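Chains as they are written, first to last, in the numbering used here: chain A, -13 to 231; chain B, 294 to 379.
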Amino acid sequence: MSDETPEDAAVPVPAGNGEPPGGGDDGGGSSGGPSSSRGDLPDPQGSVLSLAQLIGAPIHALVDAEAQSAMATARFIRSVGFVGNGDGMGELGDLQMARFKRRRSNADGSDEEVEVQIPLLSMLPIPALQIKDAELDYTVKIIQTEALPQRQAEINQLMTTKRQGPLGEPPATLRAAFAREQRPGDRRSVDMLLKMKLRIEQADMPAGLAQLLALAGESTGQKAVTATESEEAQSEDGTRESKDD
Amino acid sequence: MTATQPGEIPCPSCSRPLPLPVAAVLSGQPIVCAGCGLELTAQRETSREALDALGRWYEETGAARDMAASAAGTGGEGAAKKQRSR
Chain A
-13 MSDETPEDAA VPVPAGNGEP PGGGDDGGGS SGGPSSSRGD LPDPQGSVLS LAQLIGAPIH
47 ALVDAEAQSA MATARFIRSV GFVGNGDGMG ELGDLQMARF KRRRSNADGS DEEVEVQIPL
107 LSMLPIPALQ IKDAELDYTV KIIQTEALPQ RQAEINQLMT TKRQGPLGEP PATLRAAFAR
167 EQRPGDRRSV DMLLKMKLRI EQADMPAGLA QLLALAGEST GQKAVTATES EEAQSEDGTR
227 ESKDD
Chain B
294 MTATQPGEIP CPSCSRPLPL PVAAVLSGQP IVCAGCGLEL TAQRETSREA LDALGRWYEE
354 TGAARDMAAS AAGTGGEGAA KKQRSR
């Protein structure tokens, strides 16, 4: 990208836009074009940013969105899958179990009632979304090229000399702003500064989640229900129902 | 233990994957294993909290399920309700 001249990289500006580069309404309300102090790092508040920032911001947003999605999944697991969950992120509390009953025939021919405990988490699809692919279509106008600020160049030189250009000169920085896209034949200008197309899909199960579900599966248990327990449960249910009534 | 998908468990008797339809669990219908005929019935009296949580989840995701079903062209509960109201 840094090889591009301003002329190569610039996109057509709608006819009649005789404003100087970076001025006026060129997508984002440019506030006076490039930073006046050339030696400073680009001002993140302005609409004219380094090309790296312009390209990086939407990518950062994508990563941020995935992180939010992961946190939502974690909240879902915590709220649905566990009871009495602690306040801290480290404490989950006990697994929320649903209880079922079934009849089992014993070897001696007798029947008994068995309680089966199943973790609620294994009964539900756990939402875990991820961005499968993202298509970003930038329309930018290169406002200015400039050498990397001296201070940054010095830092880079201290860290590594390999990042310098082939002749040893500090790398160039492009300053750019989102620009209007002009479509041939369109009388109306279309302000499409950044087109973003995302495809979201259910993520493959993360290893940690698979492990959690495996542990939940191991918690599935069965025990024979004694006659006393069965009667107690029935009477408890009857009491609850009469209270509900 | 047999690996299963979310929404199904290994049958406690034959270990085959046994789907647990949430609607059936909530309505108290017995879940029958196609492999061995085992019948599982939710115990409302002892799993009230779990079934409440399950019910809330089912209610809150109803619209999403309907949308997914209608997008797939198979209809859904919402579509069925619309049909009934007509």
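All C-beta atoms, glycine included, are put in the ideal place defined by N, C-alpha and C.
Quick caveat, the model's predicted, so the values are computed rather than measured.
What is the rounded straight-line gap between the Cα of residue i and the Cα of residue j?
i: A/F86; j: A/L40; result: 56 Å
i: A/E234; j: A/F68; result: There is simply no residue 234 of chain A to check, as chain A begins at -13 and stops at 231 in what is shown.
i: A/F164; j: A/E187; result: 29 Å
i: B/A361; j: B/L331; result: 31 Å
i: A/P0; j: A/I128; result: The predicted position of A/P0 is uncertain, since its pLDDT is 39 and thus under 50; a value taken from the coordinates is nonetheless stated next. Spanning the two alpha carbons is a distance of roughly 15 Å.
i: A/S36; j: B/I302; result: 54 Å
i: B/V325; j: B/L333; result: 6 Å
i: A/K118; j: A/L144; result: 39 Å
i: A/Y124; j: A/A162; result: 11 Å
i: A/Q197; j: A/K183; result: 33 Å
i: A/A53; j: A/E99; result: 46 Å
i: A/P105; j: B/R358; result: 22 Å
i: A/V66; j: A/A56; result: 15 Å
i: B/A327; j: B/T339; result: 26 Å
i: B/R341; j: A/Q103; result: 13 Å
i: B/W350; j: A/A193; result: 24 Å
i: A/M83; j: A/G95; result: 30 Å
i: A/I112; j: A/A200; result: 14 Å
i: A/R185; j: A/Q116; result: 9 Å
i: B/S363; j: B/E352; result: 17 Å
i: A/L290; j: A/G207; result: It is not possible to answer for residue 290 of chain A, since the shown part of chain A is limited to -13 through 231.
i: B/P312; j: A/H46; result: 40 Å
i: A/A93; j: B/P323; result: 24 Å
i: A/G42; j: B/T354; result: 35 Å
i: A/Q130; j: A/V34; result: 9 Å
i: A/E140; j: A/L48; result: 32 Å
i: A/A120; j: A/A38; result: 18 Å
Just to confirm the assignment, what range does the alpha helix (DSSP H) spanning residue i have?
i: A/R61; result: 37 to 67
i: B/G366; result: Premise fails: B/G366 is in no alpha helix (DSSP H) and is neither H nor E.
i: B/L347; result: 341 to 353
Between which two residues does the beta strand (DSSP E) containing residue i stretch?
i: A/E232; result: The requested residue 232 of chain A is not part of the displayed model; chain A covers only -13 to 231.
i: A/M83; result: 83 to 91
i: B/L311; result: 310 to 312
Could you confirm whether any beta carbon from chain D is found closer than 8 Å to the beta carbon of residue i?
i: A/I104; result: The structure shown contains no chain D; its protein chains are A and B.
In the DSSP output, what is residue i paired with across the bridge?
i: A/I128; result: A/A162
i: B/E332; result: B/V325
i: A/H182; result: In the sequence as presented, His is not what sits at residue 182 of chain A; that position holds Met. According to DSSP, which records beta bridges pairwise, A/M182 is partnered with A/L122.
i: A/L115; result: A/Q188
i: B/E301; result: B/P312
i: A/G207; result: A/Q103
i: A/D80; result: A/V69
Looking only at its own chain, which residues have a Cβ that is under 8 Å from the Cβ of residue i, when we skip the five neighbours before and after it?
i: B/L347; result: V315, V318, L319
i: A/D97; result: R89, R90, S91
i: A/L180; result: P44, L122, D123, Y124, T125, F164
i: A/D50; result: none
i: B/G321; result: T334, A335, R337
i: A/L81; result: G67, F68, V69, P105, L106, L107, A202, S205
i: B/C329; result: C304, S306, C307, R309
i: A/E(-7); result: Bear in mind that a pLDDT of 39 at A/E(-7), under 50, signals an unreliable position, so the number given afterwards is only what the model happens to contain. Counting only Cβ-Cβ distances below 8 Å, and skipping sequence neighbours, we find nothing.
What residues in its chain sit with their C-beta under 6 Å from that of residue i, if we drop five residues either side in the sequence?
i: A/L122; result: P44, M182
i: A/A114; result: T59, A189
i: A/E101; result: R85, K87, K209, V211
i: A/M191; result: none
i: B/G366; result: none
Please list, in chain order, all residues of the same chain as residue i whose beta carbon is under 7 Å from its beta carbon, the five residues on each side excluded.
i: B/L344; result: L319, A335, R337
i: A/L110; result: V66
i: A/F62; result: I112, P113
Less than 7 Å between the CB of residue i and some heavy atom of the ligand SAH, yes or no?
i: B/S306; result: Among the components modelled here there is no ligand, and therefore nothing to report on the ligand SAH.
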